[in-house]
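One structure is given here, and the rest of the page talks about it.
Number of protein chains: 2
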Amino acid sequence: MKGHNFSSKREAIFKTIASTKTHPSASWVYDQLKEEIPNLSLGTVYRNIALFKEQGKIITVASVDGEERIDADVSDHAHFICEHCSSVIDLYETELSPLEKQLFESGFDIKRKNVVFHGICCECKEKLN
Amino acid sequence: MKGHNFSSKREAIFKTIASTKTHPSASWVYDQLKEEIPNLSLGTVYRNIALFKEQGKIITVASVDGEERIDADVSDHAHFICEHCSSVIDLYETELSPLEKQLFESGFDIKRKNVVFHGICCECKEKLN
DNA sequence: ACAGAAAACAGTAATGATTACTGTTTTTAA
DNA sequence: TTAAAAACAGTAATCATTACTGTTTTCTGT
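Just so you know, the sequences run in chain order A and B. Residue 3 in our numbering sits at position 13 of the first sequence; the count goes up by one each step and never skips. Residue 114 in our numbering sits at position 124 of the second sequence; the count goes up by one each step and never skips.
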């Protein structure tokens, strides 16, 4: 059965994802680890990311500049994506309950909600002035 | 200057996008039109979709099964994506104002917000039982 | 500890959506 | 009407992601 054997690479991949606030892409994780683990394969990173998603240990935040960005914080929170620097920033306190309640009452089975704001972050806003 | 000449294909592409509630992908639009316009090129569909986005006439909703899905309804509304049938459904009345207000006060320049629920739609839910 | 089976892996090739390129056709504005 | 700009078809290239193949690692029961 898949995902039940120990693997030090899997552990390292998860640790890298879980210990950053950057909401990384697969290639970012790979780049972070390839010095420490020279024979790591990018396919292994992708395979384990897919596994973590199945296991509910990570979520997909959004696709930014053609790359999928992930998050090991699976708690209910929103994100802000900067159009200028492509950074992804955590936001808490979403208060979507009225809409969720309405959906539930309409018979929808909500597995996950994904709230993403797009714009220019305050750092880039200052730089651009 | 780009996007300022008349083009019947551009018109047809926009009309196709604007007259559906399916939140189509580029290839869906292409498939819809290729009977009516046999010499249409998929590249033209992509090029015009990019133009419409720049012009703010359409938005990207989400990436579903590896394909970007678009919407000519640029008004403030949310979406529900069914994990089973991949349909994208409009939802209105989001009520995100408290969070938006907080972002504005923190110096973020919000261009767009994107609220997406993932789960099983009520039609699929019935079928699966 | 050891052997066989299952899982995980590296390395590479394939896939498929999207983008770029090239030469041609269409539109525009004077 | 004509030349410049824009739009296009058709094709090739790009690039993130996935699939494949043969090898290595982990696990489980003895």
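Glycine is no exception: its CB is placed at the ideal position from the N, C-alpha and C atoms.
Going by CA-CA distance only, name the one from the options that's closest to residue i.
i	options	result
B:H69	B:N104, B:I110, B:I100	B:N104
B:F94	A:F107, A:I3, A:K11, A:K101	A:F107
A:E90	B:A40, B:V78, B:K(-1), B:G109	B:G109
A:K117	B:G97, B:F(-4), B:S31	B:G97
A:K101	B:H74, B:D80, B:V51	B:H74
B:D21	B:K11, B:M(-9), B:C114, B:L32	B:L32
B:E26	B:L41, B:A40, B:I3	B:I3
B:K11	B:K115, B:S53, B:A62	B:A62
B:I48	B:S15, B:V64, B:P14	B:V64
A:L81	A:A40, A:H13, A:N119	A:H13
B:S15	B:I71, B:E57, B:E113	B:E57
A:L30	A:N119, A:E113, A:K115, A:R0	A:R0
Please list the partners that residue i has in chain B, where partner means a Cβ-to-Cβ separation under 9 Å.
i	result
A:S96	C112
A:L93	F70, L81, F107, G109
From residue i to residue j, what distance separates their C-alpha atoms?
i	j	result
A:Q45	A:L23	22 Å
B:H(-6)	A:C111	32 Å
B:D99	B:Y36	28 Å
B:I7	A:P28	48 Å
A:N38	A:S(-3)	10 Å
A:D55	A:D66	24 Å
B:I79	A:F42	27 Å
A:S77	A:A40	22 Å
A:V51	A:I60	5 Å
A:M(-9)	B:M(-9)	58 Å
B:T34	B:W18	13 Å
A:Q92	A:N119	42 Å
B:I71	B:S9	19 Å
Run the proximity test for residue i: is its beta-carbon closer than 7 Å to any non-hydrogen atom belonging to the ligand MN?
i	result
B:K11	This structure lacks the ligand MN, and indeed carries no ligand of any kind.
Please compile the residues from chain B whose C-beta is within a distance smaller than 8 Å of the C-beta of residue i.
i	result
A:A62	Here the premise fails: no neighbours, minimum Cβ distance about 18 Å.
A:K103	V105, V106, F107, H108
Mind pulling the chain A residues with CB within less than 9 Å of residue i?
i	result
B:I100	F70, F107, H108, G109, I110
B:L32	Within 9 Å Cβ-Cβ: nothing; B:L32 doesn't reach chain A, min ~18 Å.
For residue i, go through chain A and note every residue whose CB falls closer than 7 Å to its CB, in chain order.
i	result
B:N119	By Cβ distance, chain A contributes nothing, its closest Cβ being about 11 Å from B:N119, past 7 Å.
Below 8 Å on C-beta distance, what does residue i contact in chain A?
i	result
B:S76	Ordered by position in chain A, no residue passes the 8 Å Cβ test against B:S76, which lies about 14 Å from the chain.
Can you pull the chain B neighbours of residue i, defined as C-beta to C-beta under 7 Å?
i	result
A:S53	S53
A:K115	G97, D99
A:E73	K101
Quiz prompt | Uninterrupted alpha helix (DSSP H) stretches inside the stretch -7 to 50 of chain A (no shorter than 4 residues) | solution = -2 to 8, 16 to 23, 32 to 44
Quiz item: Unbroken beta strand (DSSP E) runs of length 3 or more, entirely within the stretch 45 to 118 of chain A: which are they?
Solution: Taken in chain order, the complete beta strand (DSSP E) segments of 3 residues or longer contained in the stretch 45 to 118 of chain A are 49 to 54, 57 to 61, 68 to 72, 78 to 81, 99 to 110.
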